[in-house]
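Asker: Provided herewith is a single structure, encoded as structure tokens, for subsequent inquiry.
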Amino acid sequence: MKHAWIFLLAPLVLTACESELPAAGSPSTGEPAAGQQAFLKTCAECHGTSARGTDKGPPLIHKIYEPSHHADIAFVLAAKQGVRQHHWPFGDMPAQPDITQDQMRDIIAWVRQEQRKAGIH
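Everything in the sequence shown is counted per the working numbering, starting at 985 for the first residue and increasing by one.
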């Protein structure tokens, strides 16, 4: 029981983090127009200016990234922690530490909007 304090502290830490991250499957509350601008500055080099992919990164306007398969939280965690290659042969995605939580909400709102326009969800 040397580390019992971890079990007492963990719920507090998780509760504090909940307010910053969207719930799995919840729609993003961000602003799509601001999201497009943030995406162009931070994501477009690899994912393309219209989020349809490049030779450096996969398309986000694709059925694989629909909310039922990649919930909003998956985008947040990918930006915060990076993500290992799993659907595409582009290699691992590095973490993007300069993206703020507000920018992530906006980016997700824009990506989801573009997915809806493309008939993905």
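The beta carbon of each residue, even a glycine, is placed where N, CA and C say it ideally should be.
In this text the structure is predicted, and so the values were computed from the model without any measurement.
Could you check where the alpha helix (DSSP H) with I1092 kicks off and where it finishes?
Answerer: 1085 to 1101
Asker: Just to confirm, is the Cβ distance from D1076 to Q1069 under 8 Å?
Answerer: yes
Asker: Label A1100 either buried or exposed according to how many other C-beta atoms from any shown protein chain fall within 10 Å of its C-beta, with 16 as the threshold for buried.
Answerer: The sequence shown places Arg at residue 1100, rather than the Ala named in the question. With fewer than 16 other Cβ atoms within 10 Å, it is exposed.
Asker: Report the rounded CA-to-CA distance for D1086 versus R1096, giving the unit in angstroms.
Answerer: 15 Å
Asker: Distance, Cα to Cα, A1022 vs I1091?
Answerer: 6 Å
Asker: Going by beta-carbon coordinates alone, are W1094 and P1042 separated by less than 8 Å?
Answerer: no
Asker: Exposed or buried, H1071, counting other C-beta atoms within 10 Å across all chains shown (16 or more means buried)?
Answerer: Of the other Cβ atoms in all chains shown, fewer than 16 fall within 10 Å of the Cβ of H1071; this residue is therefore exposed.
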